[in-house]
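The block underneath contains the structure these notes are about, expressed in structure tokens.
Residue numbers (this note's numbering): 202 to 339.
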């Protein structure tokens, strides 16, 4: 009985050890265009042998120097994380963003791997109302 408990404890220690590897990402490319004054929803799959402690989205618009951080929430599947950028922040131009994740042992990773140096860049189109205003001014 005691040897069985020692064996079980040993397996538990081995399973919960740091694997030294950062979380892995699978990028879920948005299937809709982004428009100003509309919220932006982004998703990413994050996996790791250890528990994921935190997943965040870092983003900025156009010429902003600093990135804004939003923590992502677990979605309808335990490995899918999502976040919504509020509509009042979304303006036409471009959005630059990257994902960051950390596991329970402090192993970190970004996607794209360049992080803030090589973020994803996607266009944000003017809303229909903005297009109407532009035509009236011309």
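Where a beta carbon is used, it is the ideal one built from N, C-alpha and C, also for glycine.
Taking C-beta atoms as the reference points, residue 273 and residue 259 fail to come closer than 7 Å. Sorting 306, 308, 243 by C-alpha distance to the C-alpha of residue 321 places 243 at the top. Residue 328 and residue 317 have their C-alpha atoms roughly 27 Å apart.
CA-to-CA, the gap between residue 264 and residue 218 works out to about 43 Å. If you look at residue 273, you'll find it isn't in any beta strand (DSSP E); DSSP assigns it neither H nor E.
When secondary structure is reduced to three states using DSSP, residue 243 falls in the strand class. Residues 250, 251 of the same chain have their beta carbon placed closer than 7 Å to that of residue 220, with the five preceding and five following residues left out of the count. Nearest C-alpha to residue 267 among 276, 312, 299, 229: 299. Taking the Cα positions, residue 302 is about 20 Å away from residue 296. Boundaries of the beta strand (DSSP E) harbouring residue 226: 225-229, taken from the DSSP string.
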